[in-house]
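According to this note's numbering, the sequence shown is numbered sequentially starting from 31. We treat Cβ as the ideally placed atom computed from N, Cα and C, and that holds for glycine. Because the structure is a prediction, the values reported are computed rather than measured. Structure first, commentary second.
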Amino acid sequence: MPFLDHPRGRAYYRHWAAPDPRAAVVFLHGFGEHTGVYHRYGFALNAAGIDLWAVDQFGHGLTGGDRGDVGTIEDSAALADGLTELATREHPGLPVIAQGHSYGAVVTLIRALEHADRYPGVVISGAPLVPVPELLDVDTSLDLDPEWLSSDPFYLDAMINDPLAFVEADSRALARELDRAWDRFGTDLPTLAVPTLAVHGTHDPIAPIGAVRSYAETVAPLELVEFAGARHDILNEAVHRDVASAIVSFIHRVIPTVDE
31 MPFLDHPRGR
41 AYYRHWAAPD
51 PRAAVVFLHG
61 FGEHTGVYHR
71 YGFALNAAGI
81 DLWAVDQFGH
91 GLTGGDRGDV
101 GTIEDSAALA
111 DGLTELATRE
121 HPGLPVIAQG
131 HSYGAVVTLI
141 RALEHADRYP
151 GVVISGAPLV
161 PVPELLDVDT
171 SLDLDPEWLS
181 SDPFYLDAMI
191 NDPLAFVEAD
201 SRALARELDR
211 AWDRFGTDLP
221 TLAVPTLAVH
231 GTHDPIAPIG
241 AVRSYAETVA
251 PLELVEFAGA
261 RHDILNEAVH
271 RDVASAIVSF
281 IHRVIPTVDE
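Right, dumping it as structure tokens:
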């Protein structure tokens, strides 16, 4: 089994490989998920000539740690850095896109702000860009209603019955790290310099779309594509094909062409 080394322990990763890829995506999943719920998305990228590299964050999937304890933003950023190294080692010179969902989107945006020249493009989904009231409560237990996540019965079955996925856990580490990110976004997000695509459901009850809309109106590199009626886990929603198509179009637009 493939693992990345990290001072906190080894982290499991998956690689969906396209023949002769045009680009690669380095992906960080959200709270309660793991890389195994993204096979469908990986195959969609592969069909468009794009590699997908994804890692189980700490406390998730096949990576060790207490259930739901993601560690720090820096821990997750280091995992994404490790994936980037693997992707570029596999295909030297291949353009690499940074992507993240939900908490993974927050980490990805922090990385884009700190290393604007590392990636030609960034993709975020279900991004909580302003404080989520439920995570500011002194009660750090988190119990999500699966119906908040998606209307896709296949995905909901996975989230409810997959032993590696969960909708309840102690969210202390998550709340702490999100709070750190929210402190930065108000002042730093307007300085975003990397072309960034946000895909977001209009009926996302966890990270309401209003904050992303507001930032997209004022931050020039941030482009928002909305999906009517879609919920939080937009990459695994009933409209997943349309979401993947929007992401593929963005990637092909921002990566250098062969002539360049």
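Exposed unless 16 or more other CB atoms sit within 10 angstroms - verdict on residue i
i, result
"ALA250", "exposed"
"THR93", "buried"
"THR138", "buried"
"ILE190", "exposed"
"PHE73", "exposed"
"PHE215", "buried"
Continuous beta strand (DSSP E) stretch holding residue i: start and end
i, result
"VAL56", "53-58"
"ALA188", "Where ALA188 is concerned, there is no enclosing beta strand (DSSP E), although the alpha helix (DSSP H) it sits in stretches over 183-191."
"GLY272", "The residue you asked about is not Gly; residue 272 is Asp in the sequence shown. That residue, ASP272, is in no beta strand (DSSP E); its alpha helix (DSSP H) goes 270-284."
"GLY39", "That residue, GLY39, is in no beta strand (DSSP E); it is neither H nor E in DSSP."
Cut-off 6 Å between Cβ atoms - residues of its own chain near residue i, not counting five sequence neighbours on either side
i, result
"HIS282", "none"
"SER45", "In the sequence as presented, Ser is not what sits at residue 45; that position holds His. Here the set comprises TRP83."
"PRO37", "none"
"VAL269", "PHE257, ALA260"
"ASN76", "TRP46, ALA48"
"ARG40", "PHE33"
"ASP35", "none"
Check whether residue i and residue j have beta carbons under 9 Å apart
i, j, result
"LEU143", "LEU222", "yes"
"GLY91", "LEU194", "yes"
"TYR42", "ASP105", "no"
"LEU58", "GLY134", "yes"
8 Å Cβ shell around residue i - same chain, five flanking residues per side excluded
i, result
"LEU186", "PRO176, GLU177, LEU179, SER180"
"ASP289", "Residue confidence for ASP289 is low, a pLDDT of 39 falling below 50, so the modelled location carries little weight; the figure read from the coordinates is stated next. Result list for ASP289: empty, nothing under 8 Å."
7 Å CB neighbourhood of residue i in its chain, flanking five on each side removed
i, result
"THR118", "LEU124, VAL126"
"GLY89", "GLY95, ASP96, ARG97, GLY98, ASP99, VAL100"
"GLU207", "VAL100, THR102, ILE103"
"ARG141", "ALA107, ALA110, ALA128"
"VAL168", "Residue placement at VAL168 is poorly supported in this model, since its pLDDT is 48, which falls under 50; the coordinates still yield a value, given next. Result list for VAL168: empty, nothing under 7 Å."
"ILE264", "SER155, GLY156, VAL229, HIS230, GLY231, PHE257, VAL273"
"ALA211", "ILE103, VAL136, ILE140"
"ASN266", "VAL67, SER180, ASP182, TYR185"
Unbroken alpha helix (DSSP H) run spanning residue i, endpoints
i, result
"GLU177", "Note, GLU177: premise wrong, no alpha helix (DSSP H); not H, not E."
"THR226", "No alpha helix (DSSP H) holds THR226; the beta strand (DSSP E) holding it covers 226-231."
Next item on the list: Go through the region 113-164 residue by residue and report every complete run of the beta strand (DSSP E) that reaches 3 residues or more, in order.
Entry: The beta strand (DSSP E) runs lying completely inside the region 113-164 and spanning 3 residues or more are 126-131, 152-155, given in chain order.
Checklist line | Length-filtered (3 minimum) beta strand (DSSP E) runs lying within the region 53-107 | finding: 53-58, 80-85
Next item on the list: Could you pull out every unbroken alpha helix (DSSP H) segment of at least 4 residues lying fully inside the region 238-268, listed in chain order?
Entry: 240-248
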